[in-house]
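Numbering of the sequence shown is given in UniProt numbering, commencing with residue 1 and proceeding in unit increments.
Glycine included, every Cβ here is placed at the ideal spot set by N, Cα and C.
Since we're looking at a predicted model, the values are computed, not measured.
The block underneath contains the structure these notes are about, expressed in structure tokens.
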Amino acid sequence: MGVHPLPNIDLYWSSDPFFSVSEIADVMTSKRFKMILKNLHLNDNSQMPKKGEPQFDKLYKIRPLIITMNETFQSAAKNTCSQSIDECMVKFKGRSSLKQFLPNKPVKRGFKIWARCDSQTGYLFEFEIYTGNKGNEAETGLGESVVKDLSQKLIDEKLENVHVTFDNFFLQRSFCKNYMKIIFIRRVQSERIVLIY
Numbered sequence: 001m002g003v004h005p006l007p008n009i010d011l012y013w014s015s016d017p018f019f020s021v022s023e024i025a026d027v028m029t030s031k032r033f034k035m036i037l038k039n040l041h042l043n044d045n046s047q048m049p050k051k052g053e054p055q056f057d058k059l060y061k062i063r064p065l066i067i068t069m070n071e072t073f074q075s076a077a078k079n080t081c082s083q084s085i086d087e088c089m090v091k092f093k094g095r096s097s098l099k100q101f102l103p104n105k106p107v108k109r110g111f112k113i114w115a116r117c118d119s120q121t122g123y124l125f126e127f128e129i130y131t132g133n134k135g136n137e138a139e140t141g142l143g144e145s146v147v148k149d150l151s152q153k154l155i156d157e158k159l160e161n162v163h164v165t166f167d168n169f170f171l172q173r174s175f176c177k178n179y180m181k182i183i184f185i186r187r188v189q190s191e192r193i194v195l196i197y
């Protein structure tokens with residue numbers, strides 16, 4: 001659990017002082033924690049769109065949490081003028097249809113996450129978990145779709161002189177021309193050239 005992982009959840013309430021975590025055990029009993037864990041729902045399962053429907057979302061059950069986290073991240077810090085959009089991997093070895101295998105990455109198996117962060121501090125402003133092809137990438141491409149989704153907040157707020165940096169996977173010059181108030185910087189890896197739009 002969090003920053004203090006133990007091999008078994010019951011050990012947090014252990015009478016052995018080596019394992020017990022009083023900060024958890026003093027707040028609630030093991031039985032109450034397990035009851036909350038068992039019954040915690042973030043979304044109404046009866047309203048969940050079926051697979052194949054246009055509104056189907058693989059992350060439907062945790063979507064309210066993702067939305068709340070993104071809103072909190074954005075409200076807790078002011079947008080800076082230097083930001084970066086990139087992918088990152090969250091290590092995961094269990095079973096999930098969302099798990100990705102990227103052999104050339106330091107974390108080879110896990111969840112792929114697209115993130116918009118502050119280039120100086122690494123502060124996360126917004127993220128999206130990759131769930132596979134959404135269908136709208138056919139006309140624009142996956143990279144362009146990611147940049148459009150993650151920079152939409154910057155575009156909506158009409159921020160000027162924001163530098164958004166990303167690598168050559170993400171998008172083409174045509175997209176950048178539509179958003180002249182935001183300065184998009186794309187790195188072309190093979191020639192080590194930086195293109196500014």
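Quick check on the DSSP output: the beta strand (DSSP E) that includes residue i runs from which residue to which?
i	result
residue 116	109-118
residue 124	124-129
residue 87	82-91
residue 100	99-101
residue 4	Element bounds for residue 4: n/a, residue is neither H nor E.
Under 8 Å by Cβ, that's how I've got residue i and residue j pegged, so tell me the actual separation to the nearest angstrom.
i	j	result
residue 125	residue 79	7 Å
residue 42	residue 65	5 Å
residue 131	residue 102	Incorrect: roughly 16 Å between the Cβ atoms, too far for contact.
residue 84	residue 33	With 8 Å as the limit, residue 84 and residue 33 do not qualify as a contact, their Cβ atoms being about 38 Å apart.
residue 19	residue 37	No, residue 19 and residue 37 are not in contact; Cβ-Cβ is about 19 Å, not under 8 Å.
residue 109	residue 151	Their Cβ separation, rounded to whole angstroms, is 29 Å, which puts residue 109 and residue 151 out of contact at 8 Å.
Judging by CA-CA distance, which residue of the options is the nearest neighbour of residue i?
i	options	result
residue 39	61, 47, 99	61
residue 96	129, 44, 75	129
residue 31	123, 144, 13	13
residue 106	117, 28, 119, 91	91
residue 29	133, 9, 84	9
residue 89	20, 73, 111, 149	111
residue 71	142, 164, 145, 153	153
residue 82	119, 51, 74	119
residue 114	57, 16, 142	142
residue 77	144, 155, 121	121
residue 45	144, 63, 163	63
residue 123	163, 68, 87, 74	74
Check for me: the alpha helix (DSSP H) holding residue i runs from which residue to which?
i	result
residue 33	30-39
residue 152	142-156
residue 73	63-76
residue 23	22-25
Drop a sphere of 10 angstroms on the beta-carbon of residue i, count the other beta-carbons inside from all chains shown, and report buried for 16 or more, exposed for fewer.
i	result
residue 259	Look at the range of the chain in this structure, 1 to 197, and you will see that residue 259 is not part of it.
residue 100	buried
residue 52	exposed
residue 3	exposed
residue 193	Reliability fails at residue 193, whose pLDDT of 48 lies under 50, so the model's placement of it is uncertain and no value is given.
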